[in-house]
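K.L.:
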């Protein structure tokens, strides 16, 4: 029997749950919402990190635990919602060593201090791999919540930072080349110590100038396609935001920097569309915000016009089960 | 290096998070709470099920998925809170077979229909074992929330049903004896198709007659000790509530029915203390409610006087990493 892809698995699961009334955000957005009152929705998100598939070589247990929190916080960041509280479900192989548990506790504590949220509960289990499932809870005014489907023709497509660092860094960690590990510290750090754009996400949401938003945890290309599809628009890029070190690394190894930037994952930048009149004001408040393209009326997916060349940006990104 | 027990792991994790302000329920109770307003707390709980350690032989993927939801719902039941929405974090070994994913989806859907709650989101991951982490969210008035520490001397100790079925059923599934599988269908069903006492928990909480409550997922003895410790009281039992089939099964196999009832786990009955004047009224509304003992002033842990014999009920139960 053919193995399912992650998207096929999600389709089977969500088909079982359709027809449920009153789920305002649904399964496709970065977070889920429970209406509490006309002015308040409870925002929730869960994200699971699995040792064998999600932790590259050279990453410590402390870093992995911190990253598990960052992944959940990043989804809140994309919607402009502060996560108030977190829960941790931990699976650990037996025997459970004291040092390892302390490292995990420290990584979790570190992340909660960075993003000013609390861990208020959890569950502990014996597993044959490290499993860290982080659930977050926050509150949002439905009026300021930035959805995926709000992009309108003429809106500016922007990102909160350059891309490709995580995919290049992941290659370096997997290859274990000492030379690269020393030469590209920012690429390695991007994987081992990622940051969620929570402050930026909250500013962008509160501005009312942001028409759609998504985090780039599945890759830039995938995120752009998600916005284009959810909003029934096309996206045309005039530049691909590649980090300088990624250009150098790609040249060193005869790789395509464009590929690294478009189709990597776990980058945790925000991909947003902004009303043209709001862009300059937002750029002053979020200096890393960078215009990369424009939303068009026609549904053609995502394309890029770069250096006189027409590039098709494919709807692929990082996914499990491939 | 010595391996940690589950309680030692929890201690290390929670030590990292103490000193966080404004966590009204803390790590020891069945659920966690986020204060939203004086009249409303957001109640959350996460519970992880791991294939290799939590699914006995003979249990289907559908049953496992349903049980994962039941475990989370049971913690809400103990506090008298209806879980409004659930999130599912799913880890699956590759290749992911369609039939298996459909079975899991059906088990999840089945449980949500039983307990009238919705699945509103989740996460899908590749893992080397089945991992099902279910997070629940509900709302509660802090005044009606039944904590673990409310037991007072003179209160009646009661349970919502008999004990021992799950631990006996688990032994039958592990032994795979066809004879026992046929002879004790209710014991096998107790493991494969457990039920959370949500309706009963909500009635008990709304009555204002319940002074403390806990679910028995770690075993009857452990639950009683948790209430006694949290409430700074002693508990004296005049009976151990053993299911009739468990008595028969224990006799058949020369086991102690008392042991099976006291120290098993994953039973999902509620263990409560009730104000004496409220007991009869509550018994009419929750017919399965059964008096098993009395709360005493002196802190002596949990003891039982049965048939003229004094029995010490140990503070042990089902835990991982043993």
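Protein chains in written order, with my numbering: chain A, 2 to 323; chain B, 2 to 323. Idealized CB from N, CA, C, for every residue including glycine. Note that the structure is a prediction, hence the values are computed from the model and not measured.
My output table needs one value for residue 1(B): the three-state DSSP class, helix, strand or coil.
P.N.:
Any property of residue 1(B) remains undetermined from this structure, which presents chain B solely from 2 to 323.
K.L.:
Nearest-angstrom Cα distance between residue 313(A) and residue 173(A)?
P.N.:
Rounded to the nearest angstrom, the two C-alpha atoms are 27 Å apart.
K.L.:
Could you confirm whether any beta carbon from chain B is found closer than 8 Å to the beta carbon of residue 64(A)?
P.N.:
no
K.L.:
Going residue by residue through the region 32 to 95 of chain B, where are the continuous beta strand (DSSP E) segments of at least 3 residues, counting only ones entirely within it?
P.N.:
Here the runs fully enclosed are 33 to 38, 41 to 51 and 84 to 93.
K.L.:
Between residue 96(B) and chain A, is the shortest Cβ-Cβ distance under 8 Å, so that the two count as touching?
P.N.:
Yes, because at least one Cβ of chain A sits closer than 8 Å to the Cβ of residue 96(B).
K.L.:
Does the region 86 to 102 of chain B come close enough to the region 113 to 124 of chain B that 3 or more CB-CB pairs lie under 8 Å?
P.N.:
yes
K.L.:
With a CB to CB cut of under 8 Å and the five nearest residues on each side skipped, what residues in its chain are close to residue 1(B)?
P.N.:
In the structure displayed, chain B extends from 2 to 323; residue 1(B) sits before or after that span and is not available.
K.L.:
Roughly how many angstroms separate the alpha carbons of residue 214(B) and residue 26(B), rounded to a whole number?
P.N.:
13 Å
K.L.:
What in chain A is Cβ-close to residue 7(B), meaning under 9 Å?
P.N.:
97, 125, 126 and 127
K.L.:
Could you work out which residues of chain A lie near residue 181(B), taking near to mean beta carbons separated by less than 9 Å?
P.N.:
Simply none; closest approach about 26 Å.
K.L.:
In the structure shown, what three-state DSSP assignment does residue 212(A) receive?
P.N.:
strand
K.L.:
From the DSSP output, read off the bridge partner residues of residue 260(A).
P.N.:
The partner list for residue 260(A) (beta bridge, DSSP) is empty, contrary to what the question assumes.
K.L.:
Can you round the beta-carbon distance between residue 247(A) and residue 169(A) to whole angstroms, since I take them to be within the 8 Å contact cut?
P.N.:
5 Å
K.L.:
Any Cβ of chain A within less than 8 Å of the Cβ of residue 227(B)?
P.N.:
no
K.L.:
Can you tell me the Cβ-Cβ gap for residue 149(B) and residue 29(B), rounded? I've got them flagged as a contact below 8 Å.
P.N.:
7 Å
K.L.:
Using the three-state DSSP reduction, which class does residue 291(B) fall into: helix, strand or coil?
P.N.:
strand
K.L.:
How many angstroms separate the CA atom of residue 162(A) from the CA atom of residue 177(B)?
P.N.:
58 Å
K.L.:
Does any C-beta atom of chain E lie closer than 8 Å to the C-beta of residue 49(B)?
P.N.:
Here the protein chains are A and B, and chain E is not one of them.
K.L.:
Would you say residue 127(A) and residue 105(B) are within 8 Å of each other, going by their C-beta atoms?
P.N.:
no
K.L.:
How close, in whole Å, do the beta carbons of residue 141(B) and residue 44(B) come, if the pair is a contact with beta carbons under 8 Å?
P.N.:
Yes, residue 141(B) and residue 44(B) are in contact; Cβ-Cβ is about 5 Å, under 8 Å.
K.L.:
Tell me whether residue 76(B) is buried or exposed, calling it buried when 16 or more other Cβ atoms sit within 10 Å of its Cβ.
P.N.:
Its Cβ being crowded by 16 or more others within 10 Å, residue 76(B) is buried.
K.L.:
At the level of alpha carbons, what is the spacing between residue 95(A) and residue 219(B)?
P.N.:
19 Å
K.L.:
Does residue 121(B) get closer than 8 Å to chain A when you measure Cβ to Cβ?
P.N.:
yes
K.L.:
Determine which residues of the region 81 to 93 of chain A have a Cβ less than 8 Å from any Cβ of chain B, and write them out in chain order.
P.N.:
85, 86, 88, 89, 90, 91, 92 and 93
K.L.:
Is it buried or exposed for residue 10(A), if we count other Cβ within 10 angstroms and need 16 for buried?
P.N.:
By the Cβ-count criterion, residue 10(A) is buried, with 16 or more other Cβ atoms from all chains shown falling within 10 Å of its own Cβ.
K.L.:
Roughly how many angstroms separate the alpha carbons of residue 37(B) and residue 41(A), rounded to a whole number?
P.N.:
10 Å
K.L.:
Roughly how many angstroms separate the alpha carbons of residue 124(B) and residue 321(A), rounded to a whole number?
P.N.:
11 Å
K.L.:
Which first and last residues belong to the alpha helix (DSSP H) in which residue 284(B) is found?
P.N.:
280 to 286
K.L.:
Round the Cβ separation of residue 244(A) and residue 165(A) to the nearest angstrom and send it over; I've been treating them as touching at under 8 Å.
P.N.:
Right, the Cβ-Cβ distance comes to about 5 Å (below 8 Å), so this counts as a contact.
K.L.:
Any contact of the region 292 to 306 of chain A with the region 232 to 239 of chain A, i.e. 3+ C-beta pairs under 8 Å?
P.N.:
yes
K.L.:
Is the CB-CB distance between residue 212(A) and residue 287(A) below 8 Å?
P.N.:
No, these two residues do not count as a Cβ contact at 8 Å.
K.L.:
Which residue or residues does DSSP assign as beta-bridge partners of residue 164(A)?
P.N.:
DSSP, once it has assigned bridges, lists 243(A) as partnering residue 164(A).
K.L.:
Can you give me the C-alpha to C-alpha distance between residue 58(A) and residue 175(A), rounded to a whole angstrom?
P.N.:
6 Å
K.L.:
For residue 106(A), would you say it is in contact with chain B, using Cβ-to-Cβ distances shorter than 8 Å as the test?
P.N.:
yes
K.L.:
Would you verify that the beta carbon of residue 311(B) is, or is not, closer than 8 Å to some beta carbon of chain A?
P.N.:
No, residue 311(B) lies away from the interface with chain A (no Cβ there is under 8 Å from its Cβ).
K.L.:
Report yes if the C-beta distance between residue 193(B) and residue 269(B) is below 8 Å; otherwise report no.
P.N.:
no
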